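Novice:
This is the structure we're talking about:
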């Protein structure tokens, strides 16, 4: 397949230049339109966890670049017959597609597979590990609104402990020279050692103070090890984003959400529908351009 393949397995260790390059490519794609840089190539989308936004966004992105998408129907795959994830992925890679876009429930583990294949592997979410393209599209959204990626205060609010979106965003914003604040109930905050560069708070008024960007996360009920001590109603009262809590932040703060949103839990319907303060639909739009940019970057396209 030519040059050694690039992979996008996570943002930790990727470097700010590569991240900025992908964001800049997405801006260029939105300005000039798509080029058929993936014509004649195939991408297998293997999603072992439910997905609407991400899988559709990846499919549209690759098709707009001229490529052919193969969607793996996991419900009818050999995984339902007891095949291990490793064997499923090894089988797919043996077919030598140009790209494998993968979402699964296990943390990490992609590096050995990626190192042994000529297929470019893209992580579309691995358990509570990383979700690199979500953080990159968030960066594109913020750059459009704020005009920069550095010197910002970015508050991540909600179930941070179990969130791959939080992990990728935290590493991106640190690399870009912005301040990262994590706000959650004590049981949903991550280990301090995992994010030594971040400021931690259990208080919304303190944590959102002067925040330029607020990334609100849903409760990852499917990843909770035990029942939360805080009810959904109490969670919304104390940590759910609404216009009142938004007043703690900078006057022009913007709210992001990776979706799907649980209205009345981590965000109020009024705020979710306020396009002047909540950029969730812009994020969805930017997701396609960002993933097109990722495929361009992976193909070494100039």
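Numbering (this note's numbering), first residue to last: -9 to 292. Even for Gly, the Cβ is constructed at its ideal location relative to N, Cα and C. In this text the structure is predicted, and so the values were computed from the model without any measurement.
(1) Give the secondary structure of residue 116 by DSSP, where H, G and I count as helix, E and B as strand, and everything else as coil.
(2) When you compare only the Cα positions, how much space is there between residue -3 and residue 165?
(3) On the DSSP letters alone, give me the boundaries of the beta strand (DSSP E) that residue 171 sits inside.
(4) Whole alpha helix (DSSP H) runs in the segment 55 to 89 with 4 or more residues, listed along the chain?
(5) Go through its chain and collect everything with a Cβ distance to residue 277's Cβ below 6 Å, but skip five positions before and after it.
(6) With distances taken from CA atoms, which of 153, 158 and 32 is nearest residue 2?
(7) Would you check if there are 3 or more beta carbon pairs closer than 8 Å linking the segment 147 to 156 to the segment 118 to 138?
(8) I'd like to check one pair, residue 201 with residue 260: are the Cβ atoms closer than 8 Å?
(9) Expressed to the nearest angstrom, what Euclidean distance is found between the alpha-carbon atoms of residue 286 and residue 36?
(10) Extract the residue ranges of the beta strand (DSSP E) inside the segment 123 to 201, only unbroken runs of 3 or more that lie entirely within it.
(11) How about residue 125 and residue 162: are their beta carbons less than 8 Å apart?
(12) Let me know the secondary structure DSSP gives residue 284 once reduced to three states.
(13) Just the C-alpha distance for residue 59 and residue 52, rounded to the nearest angstrom, thanks.
(14) Quick check on residue 257: buried or exposed, where buried means 16 or more other Cβ atoms within 10 Å of its Cβ?
(15) Determine the extent of the beta strand (DSSP E) in which residue 206 is found, giving its start and end residues.
(16) Give the DSSP-derived three-state secondary structure of residue 48 in the structure shown.
(17) State the start and end residues of the unbroken alpha helix (DSSP H) segment that holds residue 100.
(18) Determine whether the beta carbon atoms of residue 54 and residue 274 lie at a separation below 8 Å.
(19) Going by DSSP in three states, residue 278 sits in which element: helix, strand or coil?
Specialist: Answer, in terms of the structure:
(1) strand
(2) 19 Å
(3) 169 to 173
(4) 75 to 84
(5) 47 and 127
(6) 158
(7) yes
(8) no
(9) 20 Å
(10) 143 to 147, 169 to 173 and 189 to 191
(11) yes
(12) DSSP places residue 284 within a helical segment (H, G or I) once states are collapsed to three.
(13) 7 Å
(14) buried
(15) 203 to 206
(16) helix
(17) 100 to 105
(18) no
(19) helix
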